[in-house]
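Engineer: Count along the first sequence from 1, then add 1363; that gives the number in my numbering. First, the structure itself, so that you have it in front of you.
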Amino acid sequence: MIRDKGCGEVKETDIGSVMSLSGWVFRRRDHGGLIFIDLRDRSGLCQVVFSPDVSRESHEEAHDLRAEYVISVSGEMRKRPEGTENPNIPTGNVEMYVKKLEVLNESSPLPYSMEEAADAGEALRFKHRYLDLRRPEMQRNLIMRHGISKVMRDYLDEKGFLEIETPMLTKSTPEGARDYLVPSRLNPGHFYALPQSPQLFKQILMVSGLEKYFQIVKCFRDEDLRADRQPEFTQVDLEISFADREDILQLIEGMMKTLFKNMLDTDIETPFHRLTFHESMERFGNDKPDLRFGLELKDMADLAWKGTFKVFLDALQNRGIVKAINGKGMASLSRKEIDMLTSEAQSFGAKGLAWIKVKSASGGFESPIAKFFPEEILRKMAERLEAEDGDLMLFVADKPKVTYDVLSRMRLSLGERLNLIKPGFKFTWITDFPLLEWDEEESRFQAMHHPFTSPMNEDAEKMLTGDINDKEMLSSLRAKAYDIVLNGYEIGGGSIRIHRQAVQKKMFEILDISDEDARVKFGFLLDALQYGAPPHGGIALGLDRLVMIMVGAASIRDVIAFPKTQKAVCLMSGAPSVVEPKQLKELHIKTDVQLDFKT
RNA sequence: GGGGUGGUAGUUCAGCUGGUUAGAACGCCGGCCUGUCACGUCGGAGGUCGCGGGUUCGAGCCCCGUCCACCCCGCCA
């Protein structure tokens, strides 16, 4: 027995007993006569004491201990002498007097100190990830992630779901994100793709009559990375037969409620807040609003028409919009500070930022554009924005896309700066997404979610009977698609799928995908759908993002054991790497880049 | 592909307007130390200033290029 219990688990009831502990040397305090070691393992810290009065030999050996040596110690647990207790650690009332020390393994000096590891650069932490993961904070994250997965798995099991694995080596689909490709040795010139999600397979499972499927599964997308995006990430993926939207939403609400209760002892309000896509855009400027604070966008078009400010009028005449937010208490900003706000808005894509200071105390409104509006209109603007004395009204006038984008980002930026973001967890569903999205570049419609997403019941007939060139009508179609948003992050999304062949056919027609194309791209699913597909739908949750938010991490890299850098490189393993010419030859692959073959 | 921030000792950073021997703290190595818990104390070692080029009498500092990490846009649902 190398240890009797974890370092963090020793208690006062252990006083008097002789036991063994094992772990890493965290800190060493060598007083010459007495040596203290903080011994660390996954469970926590315990102080062990080396005294020549207990064992001359162990005391002698302990001089040579260094940070991160792996040791096993045995001896008597004693109560710490009065006045030497350490209230900062749970085991602070006891300590072990070491009779016998065994060095299980030595450690080279560390590339960076364990105590300052949190401040070390990420590049260094990634290179020596094994050390980074020794840190209690990182271990907490991974332990939490394990617990979160387990609660969701248990919940779904309880609800009758089956966890079914789907292939990792699968077929490339041209829609959506870029695929990671895997060459097939047995089929020269042919490639598998790693799944972007198990979408097609889980629908097949519904056709197969498995009825309730889930999987906690890796997905792969070869796109550029962000703080909340990795090339491989984990989804909690599920699909249900004979279900409509409400069934899915309620299932997930129940799951989140259980999850937050079990893992964080937090009560989540259900049913969740709901916003239609349209309303979310109007009020927050995006489809993943952070509802922990207000600062909502207000429409100013009607008031803008009543002034003579050319920028506003031009925007409105060119199918643009005028929207504003209220910078609470920001009227005290200097001209220079407002200029900085303006350049921030410009960096978000705005041409400019119009502003009006509300100074009711000193008689009204202060702004370069105030002169373009009658006093009464200015008052109405303030009223609509609930702007009081000392507030700063900020306006953007542009095409809807630009205006929403700029103001949604200004809203977030101001929310942070003004410290408006309340702690806690604010969920919302975003529903009634448009079914289709106009692609300017290719001048055709694309499925906003994916081509198997069902239109809303009210819209299905309109779609079936409508003209596929009626852009207006097509743009107005809404989908049975939904996203779940938590604190401004999209943590999942799904839809009810089309199960009527006529609707699916029409969908492909609208998307300008020929029968032939459809066969090539989605053949096996289309085949399957012919043989009695039940109505079905599902959702996929981004596990990494969810865990990130729950543990309060700033990046999903902190909740993934072995993450990759922004260039999708693993600094620890060195992947990706060049491979031997022999391997390429076997795969019938030639590259057009000259590389050195070194291992 | 584009915009931004950073890269100086093992680590985290400072380094002025270009100026002669590049600093601090922590860590590391050695000594002393029987109640510390970020122990203390005395001494010591440690630098391709990311890399390449340029300007200059002189470059860590200025210019050009390039690489790496991070944040964002595009991309991605």
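Cβ atoms here follow ideal geometry from the backbone N, Cα and C, with glycine treated the same way.
Name, in chain order, the residues that DSSP records as bridge partners for Gly1855.
Structural biologist: Along the first sequence, one-based indexing puts residue 1855 at 492. Gly1855 is bridged to Ile1847, Leu1904.
Engineer: Looking at His1422: is its Cβ nearer than 8 Å to the Cβ of Asp1393?
Structural biologist: Working through the first sequence from its first residue, we reach residue 1422 at position 59. Working through the first sequence from its first residue, we reach residue 1393 at position 30. No, these two residues do not count as a Cβ contact at 8 Å.
Engineer: CB Tyr1894 to CB Leu1612, shorter than 8 Å?
Structural biologist: In the first sequence, counting from the first residue as 1, residue 1894 sits at position 531. In the first sequence, counting from the first residue as 1, residue 1612 sits at position 249. No.
Engineer: Starting from His1509, trace the alpha helix (DSSP H) in both directions and tell me its first and last residue.
Structural biologist: The residue labelled residue 1509 in the question sits at position 146 within the first sequence. Note, His1509: alpha helix (DSSP H), 1499-1521.
Engineer: Residues bridged to His1899 by DSSP?
Structural biologist: Here residue 1899 is taken as the residue at index 536 of the first sequence, counted from 1. DSSP output for His1899 lists Ser1604 as bridge partner(s).
Engineer: Count the other C-beta atoms from every protein chain shown that fall within 10 angstroms of the C-beta of Thr1816, then say buried if there are 16 or more, exposed otherwise.
Structural biologist: Stepping through the first sequence from its first residue, residue 1816 is reached at position 453. Answer is buried; the Cβ neighbour count reaches 16.
Engineer: Do Gly1965 and Leu1660 have their C-beta atoms closer together than 8 Å?
Structural biologist: This structure gives no information on residue 1965, because the portion of the chain shown stretches from 1364 to 1962.
Engineer: Cβ of Ala1480 within 8 Å of Cβ of Arg1498?
Structural biologist: Start at 1 with the first residue of the first sequence, and residue 1480 comes out as number 117. Start at 1 with the first residue of the first sequence, and residue 1498 comes out as number 135. In this structure, Arg1498 lies closer than 8 Å to Ala1480 by Cβ.
Engineer: In terms of alpha-carbon separation, which member of Lys1513, Lys1575, Asp1650 lies closest to Thr1621?
Structural biologist: Within the first sequence, the letter at position 258 stands for residue 1621. Of Lys1513, Lys1575, Asp1650, the residue nearest in Cα terms is Lys1513.
Engineer: Which residue marks the beginning of the alpha helix (DSSP H) containing Ala1881, and which one marks its end?
Structural biologist: As a working mapping, residue 1881 is identified with position 518 in the first sequence. Note, Ala1881: alpha helix (DSSP H), 1878-1892.
Engineer: In its own chain, which residues sit with a C-beta less than 8 Å from the C-beta of Met1744, not counting the 5 before and 5 after it?
Structural biologist: As a working note, residue 1744 is residue 381 in the first sequence. These residues qualify, in order along the chain: Met1663, Leu1666, Ala1687, Ile1719, Phe1736, Ala1750, Met1756.
Engineer: Distance check for Gln1566 and Pro1897, CA to CA, integer angstroms please.
Structural biologist: Locating residue 1897 in the first sequence gives position 534, where the first residue counts as 1. Locating residue 1566 in the first sequence gives position 203, where the first residue counts as 1. Between Pro1897 and Gln1566, the C-alpha separation is close to 10 Å.
Engineer: To the nearest angstrom, how far is the alpha carbon of Ile1952 from that of Phe1583?
Structural biologist: Locating residue 1952 in the first sequence gives position 589, where the first residue counts as 1. Locating residue 1583 in the first sequence gives position 220, where the first residue counts as 1. C-alpha separation (whole angstroms): 22 Å.
Engineer: When the Cα atoms are used, what is the spatial distance from Phe1788 to Val1769?
Structural biologist: Position 425 of the first sequence, counted from the first residue, corresponds to residue 1788. Position 406 of the first sequence, counted from the first residue, corresponds to residue 1769. Those two C-alpha atoms are separated by around 25 Å.
Engineer: In chain order, what residues of the same chain lie with their CB nearer than 7 Å to the CB of Pro1634, ignoring the 5 residues before and after it?
Structural biologist: Residue mapping note: residue 1634 aligns to position 271 of the first sequence, counting from 1. Within the same chain, Pro1634 has close Cβ partners Glu1616.
Engineer: Any idea which residues DSSP pairs Thr1791 with across the strands?
Structural biologist: Within the first sequence, residue 1791 is the residue found at index 428, counting from 1. In the DSSP output, where bridge partners are listed per residue, Thr1791 has His1636, Val1848.
Engineer: Is Gly1915 closer than 8 Å to Gly1855 when the C-beta atoms are compared?
Structural biologist: Taking the first residue of the first sequence as position 1, residue 1855 is located at position 492. Taking the first residue of the first sequence as position 1, residue 1915 is located at position 552. No.
Engineer: Give me the Cα-Cα distance between Asn1468 and Ile1434, rounded to the nearest whole angstrom.
Structural biologist: Against the first sequence, residue 1468 aligns to sequence position 105. Against the first sequence, residue 1434 aligns to sequence position 71. Answer to the nearest angstrom: the Cα atoms are 7 Å apart.
Engineer: Go through its chain and collect everything with a Cβ distance to Phe1524's Cβ below 6 Å, but skip five positions before and after it.
Structural biologist: Sequence index remark: in the first sequence, residue 1524 carries index 161 (1-based). Result list for Phe1524: Lys1575, Phe1577, in chain order.
Engineer: Short of 7 Å in beta carbon distance, which residues of its chain neighbour Lys1691, apart from the five on each side in sequence? Order them along the chain.
Structural biologist: Residue 1691 sits at position 328 when you count from the first residue of the first sequence. Excluding positions up to five away in sequence, the list reads Asp1754, Leu1781.
Engineer: Report the three-state DSSP secondary structure of Pro1939 (helix, strand or coil).
Structural biologist: Position 576 of the first sequence, counted from the start, is the residue given in the question as residue 1939. Looking at Pro1939 - three-state DSSP - the assignment turns out to be coil, as it is neither helix nor strand.
Engineer: If Asp1591 sits next to Ile1919, beta carbons under 8 Å apart, how far is it from one beta carbon to the other, in whole angstroms?
Structural biologist: Against the first sequence, residue 1591 aligns to sequence position 228. Against the first sequence, residue 1919 aligns to sequence position 556. That belief holds up - the Cβ atoms of Asp1591 and Ile1919 are roughly 5 Å apart, short of 8 Å.
Engineer: Within 10 Å of its beta-carbon, does Asp1752 have 16 or more other beta-carbons around it, so buried, or fewer, so exposed?
Structural biologist: The residue you call residue 1752 lines up with position 389 of the first sequence. So Asp1752 counts as exposed.
Engineer: Just to confirm the assignment, what range does the alpha helix (DSSP H) spanning Asp1401 have?
Structural biologist: Residue mapping note: residue 1401 aligns to position 38 of the first sequence, counting from 1. It is not in any alpha helix (DSSP H) - Asp1401 instead sits in the beta strand (DSSP E) that spans 1398-1404.
Engineer: On the three-state DSSP scale, how would you describe Ala1556?
Structural biologist: Taking the first residue of the first sequence as 1, we reach residue 1556 at position 193. Ala1556: strand per DSSP, three-state reduction.
Engineer: Would you list, in sequence order, the uninterrupted beta strand (DSSP E) runs of no fewer than 3 residues that lie entirely inside the region 1688-1735?
Structural biologist: Qualifying beta strand (DSSP E) stretches, in chain order: 1717-1722, 1727-1729.
Engineer: Taking Gly1446 as the reference, which of Leu1428, Val1883, Asn1456, Gly1712 has the closest Cα?
Structural biologist: One-based indexing of the first sequence puts residue 1446 at position 83. Per the Cα distances, Asn1456.
Engineer: Please report the distance separating the alpha-carbon of Met1773 from that of Ser1470.
Structural biologist: As a first step, residue 1773 is located in the first sequence; it is residue number 410 there, counting from the start. As a first step, residue 1470 is located in the first sequence; it is residue number 107 there, counting from the start. Their Cα atoms are separated by approximately 50 Å.
Engineer: Assuming Ile1873 contacts Leu1837 (C-beta within less than 8 Å), just tell me the rounded distance between them.
Structural biologist: As a first step, residue 1873 is located in the first sequence; it is residue number 510 there, counting from the start. As a first step, residue 1837 is located in the first sequence; it is residue number 474 there, counting from the start. Indeed they touch by this definition, with Cβ atoms about 6 Å apart.
Engineer: Out of Leu1601, Gly1715, Leu1487, Ile1784, point me to the one whose CA is closest to Gly1901's CA.
Structural biologist: Sequence index remark: in the first sequence, residue 1901 carries index 538 (1-based). Nearest of Leu1601, Gly1715, Leu1487, Ile1784 to Gly1901, Cα basis: Leu1601.
Engineer: Measure the alpha-carbon distance for Tyr1518 versus Gln1598 and round it to whole angstroms.
Structural biologist: Reading the first sequence from its first residue, position 155 is the one you call residue 1518. Reading the first sequence from its first residue, position 235 is the one you call residue 1598. Using only the alpha carbons, I get a separation of about 16 Å.
Engineer: Would the region 1535-1543 count as touching the region 1935-1954 if we require 3 or more Cβ pairs under 8 Å?
Structural biologist: Too few Cβ pairs lie closer than 8 Å, so no.
Engineer: Give the secondary structure of Met1440 by DSSP, where H, G and I count as helix, E and B as strand, and everything else as coil.
Structural biologist: Counted from its first residue, the first sequence places residue 1440 at position 77. Residue state, collapsed to three classes: strand.
Engineer: Suppose you measure from the CA of Pro1415 to the CA of Glu1500; what does that come to, to the nearest Å?
Structural biologist: On the first sequence, residue 1415 is found 52 positions in, with the first residue counted as 1. On the first sequence, residue 1500 is found 137 positions in, with the first residue counted as 1. Going by the C-alpha atoms only, they are around 35 Å apart.
Engineer: Quick check on DSSP: helix, strand or coil for Met1382?
Structural biologist: As a first step, residue 1382 is located in the first sequence; it is residue number 19 there, counting from the start. Reduced to three states, the DSSP call for Met1382 is strand.
Engineer: Just to confirm, is the Cβ distance from Leu1892 to Gln1929 under 8 Å?
Structural biologist: As a working note, residue 1892 is residue 529 in the first sequence. As a working note, residue 1929 is residue 566 in the first sequence. Cβ distance not < 8 Å, so Leu1892 and Gln1929 don't count as in contact.
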